[in-house]
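Residue numbers (the working numbering): 7 to 933. C-beta atoms are modelled at their ideal positions from N, C-alpha and C, and glycine is treated no differently. This one's a predicted model, so the numbers in the text were calculated from it and none came from an experiment. The structure appears below as structure tokens.
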């Protein structure tokens, strides 16, 4: 076959087009996705955020690609030019010149492909650093300097990460350039081992490699210079941060290694004018020797023979740094500590005077209440309550603590035969309404009272709910379309279903054929393009999951794990707490580093990632459940991280002063950050270095048994009046016990109302007095014969006994312990609140209601006699004659049918339980 120059020319002309078309096909999915994402950001009003990020990502990616590819190709080209008179050794077997040229072109293409792949990888990594670069360009001073180098904390949070990234990427670039050039020289025979180790490389090839090696040595020296600052995150000593060995050995070692490395770079440059490689090789040997001696042996000797024999005395200043900076990073310096005498002087008058506190004691735990909500209020199989949340409202003039849960519609729960595209994307588009119940009220059958229930919502309180539909929530994972030519399912009626057409502004309009085509390609669903259901008013709704929605706009924030709904101005608004966080605060203890010092926070907590050691409750996000509107409010104007983000995105955050009063009423101090702060405070309340070093006063969270599993107590919300305050507030509290004992030593409260939002208060008990902790109170409950016998009897009658969370309720200067008891049939999922246990002083009582328990302890009348143990479900005495039983059964049946027709599912369930109880009695009396 003869060689044709014309064909070769045509192939060369076609090659760029083939490459361009290939790249377009490869990246078409990403380009279309960027287009659809720009439409989504425009629909939520944050297109400026999108375009700012995209511009910087493109600039960084293209810049890094051009630099990396250019430098690598330049080194490859230089190596080829220097060896232009030398063929590749393995080509000597080919005698045909044309074959050699073709193989040479293939080698060039292979090298180009490798360079492009390497450059693409660096470009993608560089594009992902847009946040680091923008933080570098918009720093905010912390106003605090580190104790070793005297630099403001902003240098470590905003500037150092970029310098480290640049150094690492340049070092990698030089190493790859060296490998490419050395490979060419080796394959072309420029490297000649037969000359000996001093002269195996000469001439221009030697000069090229010496320059690259000198540049690599300079980058290593820069790395040693930057590593000095990383000593502030050292975890090799008794504390996190630079210790004595780090400051007096490793720091000097890094300085010395930096100078030695620069000297090696100078030797490589000097070798340019000398023959042989002996000088640089001698420098490398010296470098390795110094590295082992100074960077390895010397710090080891210092730590083992200087520090450890006198560790407390020598490390004392560094322990002080760790304590001070950790307390700053977790905002623990503002904790107000007060004594709490635990006087045990409660009386009926004191209890009555604290009516709002007593009247808001939470008797419903989350898990039993969620199970009850699911059984009574999900209405249909396709509805779902994701979780139960706590909030407070002024209801009919009373400040009340309530539980809420949103009734969502995850399409995954549709029957398999109904799992089609029409149902998933066009019909079953939204959930409907919420349920609300007080935390402390129970029906005679042990079920929760409802303030808001059923579909459509039926309310007994003065909280309007004009738009109950939920298009955005915690279970809305699929994309949907509204404004189509077919009705959406709204809610079930007795014999049919109510229909609805969306009227909101949420979603991206699909009025044009181009947009339908783009989304069909992006989502991989051709139906979007050809479906007859679509109209000019059709909108596509996606990123409907709350966590996903907020992260699209603000990926630099860490969001709380528990969004909660609030009824605001007749609409359902989801509230999500946003945190600023960093792992770059010097000397601050990371959350997940030491089990002996800080027991691990729940791994589901979003702050438990990447060694976070700085956090602030900085942002409040409100998401409308109907149209998905996002509102970001900057709460913490003292946070440097938030100030920097506000500079980068000037149109993203609204000032907290602009937040409506109806929003402020539902702000609550988040449980995630309160848990983290409480975890850290367990050790970092010890400000004396010697006490801290010896772990003399280490605290822990109380433990409790939950379904035979021992877990740490979680913080809980409560409405109560703190000592010396004039009125009740919505608080979050958590007790502490000593590390190795079960008695209580203190409790912490976090405010949520008004000016007290985020204020942390610690109340410490007298160290010389015994104050029972939750574990000890639970043990006393189990040792009370009347209670243990009743619980054992219930457990033997086909029911499961669920002991709720034991709450410690501070009242004035005393403590009241409350634990709810639930019963659940072995074959059922409907827990009933049947008893309430109260403990105060040396008394432990169990009664049917909280009020009865309070009467038993504080009332003047004698406590009621213990009732004969009853089986679950026997809530009230029933007539014992046959005729009366039959009449009562008929009345219960009729009441249930009437409730069923009215859609009152709670009353229907109560009637059915009453009917079952009567029928059992009839069966027992039947001879």
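Under 7 Å between C-beta atoms of residue i and residue j
| i | j | result |
| --- | --- | --- |
| residue 753 | residue 772 | no |
| residue 799 | residue 807 | no |
| residue 367 | residue 245 | no |
| residue 571 | residue 410 | yes |
| residue 448 | residue 459 | no |
| residue 622 | residue 645 | yes |
| residue 49 | residue 514 | yes |
| residue 591 | residue 548 | no |
| residue 54 | residue 446 | no |
| residue 512 | residue 542 | no |
| residue 397 | residue 672 | yes |
| residue 318 | residue 699 | yes |
| residue 790 | residue 842 | no |
| residue 186 | residue 81 | yes |
| residue 388 | residue 415 | yes |
As assigned by DSSP and simplified to three states, the class of residue i
| i | result |
| --- | --- |
| residue 515 | strand |
| residue 710 | strand |
| residue 94 | coil |
| residue 438 | strand |
| residue 275 | helix |
| residue 366 | coil |
| residue 817 | strand |
| residue 880 | Residue placement at residue 880 is poorly supported in this model, since its pLDDT is 43, which falls under 50; the coordinates are not used for a value here. |
| residue 316 | helix |
| residue 829 | strand |
| residue 6 | Since the first and last residues shown for the chain are 7 and 933, residue 6 lies out of range. |
| residue 923 | helix |
| residue 88 | helix |
| residue 763 | coil |
| residue 493 | coil |
| residue 80 | helix |
Close-in-space but distant-in-sequence residues of the same chain around residue i (CB under 7 Å, 5 per side omitted)
| i | result |
| --- | --- |
| residue 141 | 164, 650 |
| residue 308 | 251, 254, 255 |
| residue 444 | 406, 408, 455, 457 |
| residue 350 | 820, 847 |
| residue 124 | 74, 78, 182 |
Integer-rounded CB distance, given that residue j should sit under 8 Å from residue i
| i | j | result |
| --- | --- | --- |
| residue 473 | residue 639 | Rounded, the Cβ-Cβ distance is 22 Å, inconsistent with contact. |
| residue 437 | residue 479 | 6 Å |
| residue 312 | residue 293 | Contact flag wrong, Cβ pair sits at about 26 Å. |
| residue 193 | residue 95 | 6 Å |
| residue 71 | residue 129 | 4 Å |
| residue 126 | residue 183 | Not really, about 17 Å apart at Cβ, beyond 8 Å. |
| residue 144 | residue 653 | 4 Å |
| residue 813 | residue 767 | So it is not a contact: roughly 18 Å between Cβ atoms. |
| residue 150 | residue 334 | 7 Å |
| residue 840 | residue 825 | Between residue 825 and residue 840 the Cβ distance is about 12 Å, and since that is not below 8 Å, they are no contact. |
Same chain, Cβ closer than 6 Å to residue i, five either side skipped, listed in chain order
| i | result |
| --- | --- |
| residue 483 | 551 |
| residue 495 | 433, 434, 503 |
| residue 288 | none |
| residue 89 | 194, 196 |
| residue 707 | 718, 719 |
| residue 695 | 322, 325, 326 |
| residue 845 | 783, 823 |
| residue 347 | 819 |
| residue 627 | 556, 582, 584, 638 |
| residue 925 | none |
Cβ-based neighbour list, residue i, same chain, cut-off 8 Å, excluding 5 preceding and 5 following
| i | result |
| --- | --- |
| residue 213 | 278 |
| residue 176 | 225 |
| residue 539 | 428, 432, 487, 490, 491, 492 |
| residue 613 | 564, 585, 587, 597, 607, 621, 678, 679, 682 |
| residue 505 | 493, 494, 495, 496 |
| residue 921 | 895, 898, 899, 902 |
With three or more beta-carbon pairs closer than 8 Å as the criterion, would you say the stretch 820 to 827 touches the stretch 756 to 769? As far as the Cβ criterion goes, the stretch 820 to 827 does not touch the stretch 756 to 769, which means the pair count is below three.
Check whether the stretch 329 to 340 and the stretch 827 to 842 touch, using three or more Cβ-Cβ pairs below 8 Å as the test. Under the three-pair Cβ rule at 8 Å, the stretch 329 to 340 does not count as touching the stretch 827 to 842.
Count the CB pairs spanning the stretch 737 to 751 and the stretch 717 to 727 that are closer than 8 Å, and state whether there are at least three. The stretch 737 to 751 vs the stretch 717 to 727: in contact.
Report yes or no: do the stretch 258 to 267 and the stretch 295 to 304 share at least 3 C-beta pairs separated by less than 8 Å? The stretch 258 to 267 and the stretch 295 to 304 touch, with no fewer than 3 CB-CB distances between them shorter than 8 Å.
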